[in-house]
Amino acid sequence: MNDEITGEDALRAAYPRASDAVYQKELRFLDPHCRSFIALSPFLCIGTSRPDGLADVSPRGGEPGFVHVLDDRHLGMPDRPGNNRLDTLGNVVVAPAVGLLFFIPGIDEMLRVNGVAQVVTTPALMARFVVDGKQPRSVLVVEVREAYLHCTKALKRSELWNPEKLVPRSALPSFGQMLKDQMNLPVPAEAIDTMLEEDARTELY
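Residue numbers for the sequence shown follow the working numbering, beginning at 156 and rising by one.
In structure tokens form, the structure reads like this:
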């Protein structure tokens with residue numbers, strides 16, 4: 156593309172200098188405010204790096220506080236049933252650097268946590284995350300290297316929590332219809348939707 160910025164010096168020259176405060180807010184541990192944020196958060200996105208050089212971002216959700224603060228420098232996150240592609244965990248066992256972005260419904264601030272992770276199946280740790288008598292498949296333990304609160308601009312611009320901005324489900328085809336079209340499946344979309352709804356109902360934990 157024309158006018159591509161290819162070096163960090165050129166990139167920084169195109170932007171105003173960041174204030175000292177945006178760097179000073181970065182912590183190397185989880186302070187009480189970070190802990191409170193995590194305890195209220197039912198949803199996050201986790202970023203990892205693939206061995207082929209591409210990046211990956213995956214959603215994770217559960218009850219508020221489903222991610223546990225193990226101590227000032229470590230988090231534990233249960234791995235619940237999913238599609239078993241193991242994109243995130245497969246990346247972590249090769250390249251352990253991770254980035255977490257925590258959300259709280261109705262709150263415009265976010266919490267960013269960067270660190271290195273490992274996938275563990277330690278029985279005592281797995282037992283912390285039992286829901287409905289079911290353990291997670293594994294636990295992702297993150298060693299915190301950076302933690303800081305992220306400003307509100309992205310969520311304010313998007314109005315993500317504004318109920319008047321909710322998009323009706325009818326704005327898109329059903330999930331089953333989209334999968335049928337993308338994968339050229341020889342089954343009715345309604346059958347796919349029914350299967351997905353049943354899986355979501357019975358295999359959350």
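Glycine included, every Cβ here is placed at the ideal spot set by N, Cα and C.
Am I right that Leu255 and Ile201 are in contact with their C-beta atoms under 8 angstroms? What's the rounded C-beta distance?
Against the sequence shown, residue 255 aligns to sequence position 100. Against the sequence shown, residue 201 aligns to sequence position 46. With a Cβ gap of about 5 angstroms, Leu255 and Ile201 count as contacting.
The segment 313–323 in contact with the segment 275–291 per 3-pair CB rule at 8 angstroms
no
Could you say which of Ala326, Val177 and Arg183 lies nearest to Glu270 if we only look at CA atoms?
Residue 270 sits at position 115 when you count from the first residue of the sequence shown. One point to set straight first is that residue 270 is Gly, not Glu, in the sequence displayed. Nearest of Ala326, Val177 and Arg183 to Gly270, Cα basis: Arg183.
Evaluate Cys189 with the Cβ neighbour count: other Cβ atoms within 10 Å of its Cβ, from every protein chain shown; 16 or more gives buried, anything less gives exposed.
Residue 189 sits at position 34 when you count from the first residue of the sequence shown. By the neighbour-count rule (16 or more Cβ atoms within 10 Å), Cys189 is buried.
Test item: CB-CB of Val296 and His229 under 9 angstroms
Your numbering for residue 296 matches position 141 in the sequence shown. Your numbering for residue 229 matches position 74 in the sequence shown. Cβ atoms of Val296 and His229: closer than 9 angstroms.
At what residue ranges does the segment 179–248 contain a whole run of the alpha helix (DSSP H), taking only runs of 4 or more?
187–195 and 242–247
Out of curiosity, what's the CA-to-CA distance linking Glu353 and Ala344?
Counted from its first residue, the sequence shown places residue 353 at position 198. Counted from its first residue, the sequence shown places residue 344 at position 189. Taking the straight line joining both Cα atoms gives about 14 angstroms.
Tell me where the beta strand (DSSP E) around Gln273 begins and ends.
The count along the sequence shown starts at 1 and reaches residue 273 at position 118. Note, Gln273: beta strand (DSSP E), Met265 to Val275.
Would you identify the three-state DSSP class for Phe330, choosing helix, strand or coil?
Here the question's residue 330 lines up with position 175 in the sequence shown. Helix.
Which first and last residues belong to the beta strand (DSSP E) in which Ala173 is found?
As a working note, residue 173 is residue 18 in the sequence shown. Here Ala173 belongs to no beta strand (DSSP E), and DSSP marks it neither H nor E.
Thr307 to Glu264, Cα distance in whole Å?
Locating residue 307 in the sequence shown gives position 152, counting from the first residue. Locating residue 264 in the sequence shown gives position 109, counting from the first residue. Looking at the two C-alpha atoms, the distance is approximately 5 angstroms.
Quick one: using the 10 Å Cβ neighbour count with 16 as the cut-off for buried, is Ile347 buried or exposed?
Within the sequence shown, numbered from 1, the residue matching residue 347 stands at position 192. The residue is buried, with at least 16 neighbouring Cβ atoms inside 10 Å.
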